[in-house]
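Novice: If you scroll down you'll find the structure; I have some questions about it.
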Amino acid sequence: MPEGGTGIGAAVKRVEDKRFLTGRGNYTDDINRPNQSYAYILRSSHAHATINSIDTADAASSPGVLAVFTGADMDTGGLPCGWQVHSKDGSPMHEPVHPPLAKGKVRHVGDPVAVVIADTYAQAKDAAEKIAVNYGPLPAVVNMNDALASSTYVHDEIGTNLCYDWEIGDEAQIDEAFAKAHHVTEIDIVNNRLIPNAMEPRAAVGEYDRATDEYTLFTTSQNPHVIRLLMGAFVLSIPEHKLRVVAPDVGGGFGSKIYHYAEEAIVTWAAPKVGRPIKWTAERGESFMSDAHGRDHISKARMAMDAEGKFLALKVETKANMGAYLSTFAPCVPTYLYATLLAGVYATPLIYCNVKAVFTNTVPVDAYRGAGRPEATYLLERLVAKCAREMGMSQTDIRRANFIPADAFPYQTPVALQYDSGDFTATLDKAEVAHDVAGFEARRKESEARGKRRGIGYSTYLEACGIAPSAVVGSLGARAGLYESAEVRVHPTGSVTVFTGSHSHGQGHETTFAQLVSERLGLPMENIEISHGDTNKVQFGMGTYGSRSLAVGGEAIVKAMDKVVNKAKKIAAHILEASESDIEFKDGTFTVAGTDRSMAFGEVALAAYVPHNFPHDELEPGLDEKAFYDPLNFTFPGGCHICEVEVDPDTGVVTVERMTAVDDVGRVINPMIVEGQIHGGLAQGIGQALLEGCVYDEDGQLVTGSYMDYCMPRADNFPSFSAGTEITLCAHNSLGVKGCGEVGAIGSPPAVINAVVDALWDLGVHDMPMPASPQVVWKAVQAAAPAAAAE
Amino acid sequence: MPTVSMTVNGKKVSGEVEGRTLLVQFLRENLHLTGTHVGCDTSQCGACVVHVNGDSMKSCTLLAVQAEGAEVTTIEGLADGDTLHPMQEAFRDNHGLQCGFCTPGMVMSAVDLVKKNPKASEHEIREWLEGNICRCTGYHNIVKSIQQAQQTM
Numbered sequence: 171m172p173e174g175g176t177g178i179g180a181a182v183k184r185v186e187d188k189r190f191l192t193g194r195g196n197y198t199d200d201i202n203r204p205n206q207s208y209a210y211i212l213r214s215s216h217a218h219a220t221i222n223s224i225d226t227a228d229a230a231s232s233p234g235v236l237a238v239f240t241g242a243d244m245d246t247g248g249l250p251c252g253w254q255v256h257s258k259d260g261s262p263m264h265e266p267v268h269p270p271l272a273k274g275k276v277r278h279v280g281d282p283v284a285v286v287i288a289d290t291y292a293q294a295k296d297a298a299e300k301i302a303v304n305y306g307p308l309p310a311v312v313n314m315n316d317a318l319a320s321s322t323y324v325h326d327e328i329g330t331n332l333c334y335d336w337e338i339g340d341e342a343q344i345d346e347a348f349a350k351a352h353h354v355t356e357i358d359i360v361n362n363r364l365i366p367n368a369m370e371p372r373a374a375v376g377e378y379d380r381a382t383d384e385y386t387l388f389t390t391s392q393n394p395h396v397i398r399l400l401m402g403a404f405v406l407s408i409p410e411h412k413l414r415v416v417a418p419d420v421g422g423g424f425g426s427k428i429y430h431y432a433e434e435a436i437v438t439w440a441a442p443k444v445g446r447p448i449k450w451t452a453e454r455g456e457s458f459m460s461d462a463h464g465r466d467h468i469s470k471a472r473m474a475m476d477a478e479g480k481f482l483a484l485k486v487e488t489k490a491n492m493g494a495y496l497s498t499f500a501p502c503v504p505t506y507l508y509a510t511l512l513a514g515v516y517a518t519p520l521i522y523c524n525v526k527a528v529f530t531n532t533v534p535v536d537a538y539r540g541a542g543r544p545e546a547t548y549l550l551e552r553l554v555a556k557c558a559r560e561m562g563m564s565q566t567d568i569r570r571a572n573f574i575p576a577d578a579f580p581y582q583t584p585v586a587l588q589y590d591s592g593d594f595t596a597t598l599d600k601a602e603v604a605h606d607v608a609g610f611e612a613r614r615k616e617s618e619a620r621g622k623r624r625g626i627g628y629s630t631y632l633e634a635c636g637i638a639p640s641a642v643v644g645s646l647g648a649r650a651g652l653y654e655s656a657e658v659r660v661h662p663t664g665s666v667t668v669f670t671g672s673h674s675h676g677q678g679h680e681t682t683f684a685q686l687v688s689e690r691l692g693l694p695m696e697n698i699e700i701s702h703g704d705t706n707k708v709q710f711g712m713g714t715y716g717s718r719s720l721a722v723g724g725e726a727i728v729k730a731m732d733k734v735v736n737k738a739k740k741i742a743a744h745i746l747e748a749s750e751s752d753i754e755f756k757d758g759t760f761t762v763a764g765t766d767r768s769m770a771f772g773e774v775a776l777a778a779y780v781p782h783n784f785p786h787d788e789l790e791p792g793l794d795e796k797a798f799y800d801p802l803n804f805t806f807p808g809g810c811h812i813c814e815v816e817v818d819p820d821t822g823v824v825t826v827e828r829m830t831a832v833d834d835v836g837r838v839i840n841p842m843i844v845e846g847q848i849h850g851g852l853a854q855g856i857g858q859a860l861l862e863g864c865v866y867d868e869d870g871q872l873v874t875g876s877y878m879d880y881c882m883p884r885a886d887n888f889p890s891f892s893a894g895t896e897i898t899l900c901a902h903n904s905l906g907v908k909g910c911g912e913v914g915a916i917g918s919p920p921a922v923i924n925a926v927v928d929a930l931w932d933l934g935v936h937d938m939p940m941p942a943s944p945q946v947v948w949k950a951v952q953a954a955a956p957a958a959a960a961e
Numbered sequence: 022m023p024t025v026s027m028t029v030n031g032k033k034v035s036g037e038v039e040g041r042t043l044l045v046q047f048l049r050e051n052l053h054l055t056g057t058h059v060g061c062d063t064s065q066c067g068a069c070v071v072h073v074n075g076d077s078m079k080s081c082t083l084l085a086v087q088a089e090g091a092e093v094t095t096i097e098g099l100a101d102g103d104t105l106h107p108m109q110e111a112f113r114d115n116h117g118l119q120c121g122f123c124t125p126g127m128v129m130s131a132v133d134l135v136k137k138n139p140k141a142s143e144h145e146i147r148e149w150l151e152g153n154i155c156r157c158t159g160y161h162n163i164v165k166s167i168q169q170a171q172q173t174m
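What follows is the structure, given as structure tokens:
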């Protein structure tokens, strides 16, 4: 694509930027409906307690208050779970009821107990202080190991805190392979719990039109159609044609805005009861205790190797925290998005994984940027780094020795997935050059001369995204299909509106998708509008998560454009009096092959809507086509991340000196946007490794409940990044695209921790938990010092 | 309820507020200037940064009544008609924003930095941004944007 173009491969500046840069974005909290009221949600201050009584009388008679509701008033369905996992004995997972307002018992700090609706937010909040809840505090189960051993149950009716006990692989066969191994490397891994923290707090505005019996919900969602389905069908019994869900500009999601949350149902349910629109906006403190958290795995992994360091078998046991209730996608994250990724980029022939999902008195845990794949990658890449140490091999030699070769695709892993493409040697080679690995030893010496320690860490990873083939996920327990839909509406004067079921909340779809249209239909960008986020405009959609928007949503647009072009060819053939098969379409012009007879795209569009002499039995008026696209397979981006850190052993401060990422994301439509996605992912990955960690105390109180306590990455925590791509094309979609939204967060954490361990290895520090905060690092150095001195 | 008057984006405005009303609430709710955002409740995220009498300030840390008589500029008042301010243009040129939520505060803060320290180094830029949190960009392109604006402002 030449400089200044607008098609595939051009770094087109973003269409959406002008409104965001001038303060004219339209986020949910910016929306004010006529006669709007405000909701404040009273939340549990206990991690686990019975609700003996709630006295709302004083609150209800407070100034401005319209209504106060508790769980006893809200006779609706519970918040549904979208995925059913079966335990290894064939029994379905335990799926406790999740009432939008707690009934009888609260199960985590932040569990909604009552809602106050008033003329102003301040009045609602003031009145909520007058609600007297008589709690009967119960012991809380917080830690997963405690929860499995405890006779205190988060859900008494289940009688266990084990949600499911799932496995993949043949354990007996694996144990046989381990018995014959030359060497076995073992590692204990904790994947720290994270709090997503999209910068826009969640918000919802519910509205009811008595004249038409229609409900409208404005909400901070990554997938408004999914919310319409889940809330309408399962919670409030509102049919789709009477329920409109709008997700306008959304200020970041990272997974946390996929799920159907209680507050959406509460404001929609209460709107007809108070007869006014109701707005609820989370305070950040509420976000911390009510947005679904991410990660939180405890694992033990063992790799069996032969004498040359070839991987023979991998065995993993994982406990995954579900929190107090099952969030929308939660059960699939530590199973089908995690254990199926344990082959990584390696030709390990045998893999077994057991996953125990555990209920605890904590906020529900669900997908957060990467979802399962960062947990798999972190475990595998930490384990591989340790394997190399124990086998006396270099970090790159052990990886190269075990890579799936570039000529082995399609490659069937032992854990269900079939990879379609990739070249892991190429991404590693390119990353080593980009990083100047050759200069590392000199840099290490220079650091040591200043009393610092320098280390380098690798992560060669692969992920499965472009979620997902409906037939596959259906067989694995998904209660929905994971296709995407698009409509390409050509207007009479030749401009185009694309309605997509994908949702953009920072990804730049209004630009990237318009580039697809510009390229295919030969139109300038200003003639193309991308519309998303409104169930009354967009035919259907499954939304944006799992790096699926381009690979699934983009393909749906391509399919709809194919239909538009086919229809337009019929129209052009009719008007140009030629055979349809002789019409060629290129650069926005329909031409009769071998002649100079042609029509511009705009002329065909106009003709479609002014069909004065159309043969009505052969040709319909109009030019407006829809398509649904269901992917044939997951897509498999992968690559190599190299991190170089300097550690001050006296203070424990880790500084990321260099961060290099070479990712194979398939074909790149807009390199500027792709790089931006990778930067953002790297920041979240480095954040997980060095800064972020959700902490509960033993009573289930959230200790890291604000930006004072939860360490969000700041600009001065990072260097500038080196982000490059090395492309192999996806083999099963027409664009050859794979996805770029999650790679940074998936690949980077083990590179960072491997670098910290490398830096401190000679001081006797051979393991490092996340986040490797100064305190954690300093303690590890202190603990290792006597041992190192004795050696 | 007390009445507060100030100049916002060059226009004289006044309104009734509660004593506890924050400047950001006055801007968003009374004046419907929703470009200034609220991203936290502990004055850390910086999504609400505006200029008060020429200095960047978090509008969630000021009561509206404290801004009595002040000259306030919000993100809506930064561009000159349809011509973007050089900092806005730089953010667009360098993909310095993704979801756009932190962007107004980030831009207002960055304008103040370049005014006060036009030759700030990358290190100084990153330190200045300590009070503005972005979850999308990893800050890489925000730093590049500010470096461009150092040349064009």
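Residue numbers (this note's numbering), protein chains in the order written: chain Z, 171 to 961; chain Y, 22 to 174. Just so you know, even glycine gets a beta-carbon here, dropped at the ideal spot from N, CA and C.
For the alpha helix (DSSP H) that contains Z:Cys333, what are its first and last residues?
Specialist: Looking at the DSSP string, Z:Cys333 is not in any alpha helix (DSSP H); the run it does join, the beta strand (DSSP E), is Leu332 to Ile338.
Novice: Which residues, in chain order, does the stretch 351 to 372 of chain Z contribute to contact with chain Y at a C-beta distance below 9 Å?
Specialist: Against chain Y - using a Cβ distance shorter than 9 Å - the residues of the stretch 351 to 372 of chain Z are Pro366, Asn367, Ala368, Met369, Glu370 and Pro371.
Novice: Do Z:Asn491 and Z:Thr530 have their beta-carbon atoms positioned less than 7 Å apart in this structure?
Specialist: It is a contact, given that the beta carbons lie within the stated cut-off.
Novice: Does the beta carbon of Y:Asp62 sit closer than 7 Å to a beta carbon anywhere in chain Z?
Specialist: It does: the Cβ of Y:Asp62 has a partner Cβ on chain Z nearer than 7 Å.
Novice: Going by DSSP, what residue range makes up the alpha helix (DSSP H) through Z:Gly870?
Specialist: Unbroken run through Z:Gly870: none, as it is neither H nor E.
Novice: Would you please state the rounded distance, in angstroms, between the beta carbons of Z:Ile365 and Z:Tyr880? I believe it to be under 8 Å.
Specialist: Contact flag correct, Cβ pair sits at about 6 Å.
Novice: Threshold first: 4 residues or longer. Then list the alpha helix (DSSP H) segments lying entirely within the stretch 367 to 416 of chain Z, N to C.
Specialist: Those alpha helix (DSSP H) runs which fall completely within the stretch 367 to 416 of chain Z and span 4+ residues are 394 to 399.
Novice: Taking Z:Lys489 and Z:Lys526 to be in contact with their CB atoms under 8 Å, please state how far apart those CB atoms are, rounded to whole angstroms.
Specialist: Yes, Z:Lys489 and Z:Lys526 are in contact; Cβ-Cβ is about 5 Å, under 8 Å.
Novice: Grab me the residues of Z:Met171's own chain with a C-beta within less than 7 Å of its C-beta, minus the 5 sequence neighbours each way, in chain order.
Specialist: Caution is warranted here: a pLDDT of 41 is assigned to Z:Met171, below 50, making its placement in the model unreliable, and the coordinate value is therefore given only provisionally. Closer than 7 Å at Cβ, skipping near neighbours: Gly177, Ile178, Gly179 and Ala180.
Novice: Please report the residue range of the alpha helix (DSSP H) in which Y:His161 lies.
Specialist: Its alpha helix (DSSP H) spans residues His161 to Thr173.
Novice: Alpha carbon to alpha carbon, what distance is there between Z:Thr667 and Z:Ala775?
Specialist: Approximately 13 Å between the Cα atoms of the pair.
Novice: Quick one: does Z:Tyr653 have its CB under 7 Å from some CB of chain Y?
Specialist: With 7 Å as the cut-off, Z:Tyr653 does not count as an interface residue toward chain Y.
Novice: Restricting to Cα atoms, I'd like to know which of Z:Ala738, Z:Glu487 and Z:Thr518 is closest to Z:Thr505.
Specialist: Among Z:Ala738, Z:Glu487 and Z:Thr518, the Cα nearest to that of Z:Thr505 belongs to Z:Glu487.
Novice: For chain Y, find out if any of its Cβ atoms is closer than 7 Å to the Cβ of Z:Ser391; answer yes or no.
Specialist: Not an interface residue.
Novice: Quick check: the stretch 81 to 94 of chain Y against the stretch 23 to 43 of chain Y, are there 3 or more CB pairs under 8 Å?
Specialist: In short, these stretches touch, since the Cβ pair count reaches three.
Novice: Within the chosen definition, does the stretch 143 to 155 of chain Y reach the stretch 89 to 102 of chain Y through at least 3 CB pairs nearer than 8 Å?
Specialist: Not touching, per the Cβ criterion.
Novice: Can you list, in chain order, the residues of its chain whose CB lies under 6 Å from that of Z:Met561, leaving out five sequence neighbours each side?
Specialist: Once the five neighbours on either side are set aside, the close Cβ partners of Z:Met561 are Gly479.
Novice: Got a sec, what are the start and stop residues for the alpha helix (DSSP H) Z:Glu845 sits in?
Specialist: Looking at the DSSP string, the run of the alpha helix (DSSP H) that includes Z:Glu845 is Pro841 to Leu860.
Novice: 7 Å is my cut-off, CB to CB: does Z:Met171 come that close to chain Y?
Specialist: Legend: pLDDT at Z:Met171 = 41, less than 50; position of this residue unreliable, value from coordinates given subsequently. False, the Cβ-Cβ gap to chain Y never drops below 7 Å.
Novice: Hey, is the stretch 695 to 709 of chain Z in contact with the stretch 413 to 425 of chain Z, meaning 3+ C-beta pairs nearer than 8 Å?
Specialist: The stretch 695 to 709 of chain Z vs the stretch 413 to 425 of chain Z: in contact.
Novice: For the pair the stretch 347 to 362 of chain Z and the stretch 537 to 557 of chain Z, tell me if three or more CB-CB distances fall below 8 Å.
Specialist: With a cut-off of 8 Å, the stretch 537 to 557 of chain Z and the stretch 347 to 362 of chain Z count as touching, because enough Cβ pairs lie within range.
Novice: Can Z:Ala440 and Z:Ile428 be called in contact, C-beta distance under 7 Å?
Specialist: Not a contact, by the Cβ cut-off of 7 Å.
Novice: Keeping to the same chain, check which residues put their C-beta closer than 7 Å to that of Z:Leu793; ignore five residues upstream and five downstream.
Specialist: Taken in chain order, the residues that qualify are Val660, Val734, Lys737, Ala738, Ala775 and Ala778.
Novice: Please confirm whether Y:Ala170 has its beta-carbon closer than 7 Å to some beta-carbon of chain Z.
Specialist: No, because no Cβ of chain Z sits closer than 7 Å to the Cβ of Y:Ala170.
Novice: Are any of the Cβ atoms in chain Z nearer than 7 Å to that of Y:His116?
Specialist: Judged by the 7 Å Cβ criterion, Y:His116 is in contact with chain Z.
Novice: Whole angstroms is fine: what's the gap from Y:Ser80's alpha carbon to Y:Leu43's?
Specialist: Whole-angstrom Cα-Cα distance: 7 Å.
Novice: Between the beta-carbon of Z:Asp281 and the beta-carbon of Z:Ser215, is there less than 7 Å?
Specialist: Not a contact, by the Cβ cut-off of 7 Å.
Novice: When you compare only the Cα positions, how much space is there between Z:Ala500 and Z:Trp253?
Specialist: Roughly 8 Å between the two C-alpha positions.
Novice: Within 7 Å of any Cβ in chain Z, is that where the Cβ of Y:Cys81 sits?
Specialist: No - not a single Cβ of chain Z is within 7 Å of the one on Y:Cys81.
Novice: Rounded to the nearest angstrom, what separates Z:Gln709 and Z:Glu795 at their Cα positions?
Specialist: Approximately 11 Å, taken between the alpha carbons.
Novice: Pull up the distance between the alpha-carbon of Z:Gly464 and that of Z:Asp536, whole angstroms please.
Specialist: Cα-Cα distance, rounded: 6 Å.
Novice: Taking Cβ positions, are Z:Asn840 and Z:Val185 nearer each other than 7 Å?
Specialist: For Z:Asn840 and Z:Val185, no; Cβs fall outside 7 Å.
Novice: Following the continuous beta strand (DSSP E) through Z:Asn361, name the residue where it begins and the one where it ends.
Specialist: Where Z:Asn361 is concerned, the enclosing beta strand (DSSP E) stretches over His353 to Asn361.
Novice: Let me check understanding here. Comparing Cα to Cα, which of Z:Phe806, Z:Glu545 and Z:Phe760 lies closest to Z:His744?
Specialist: Among Z:Phe806, Z:Glu545 and Z:Phe760, the Cα nearest to that of Z:His744 is on Z:Phe760.
Novice: Please list, in chain order, the residues of the stretch 887 to 920 of chain Z that have any C-beta partner in chain Y closer than 7 Å.
Specialist: Those would be Phe888, Ser890 and Phe891, in chain order.
Novice: By the criterion of Cβ-Cβ separation under 7 Å, what are the contact partners of Z:Met882 in chain Y?
Specialist: Per Cβ cutoff of 7 Å: Ile154.
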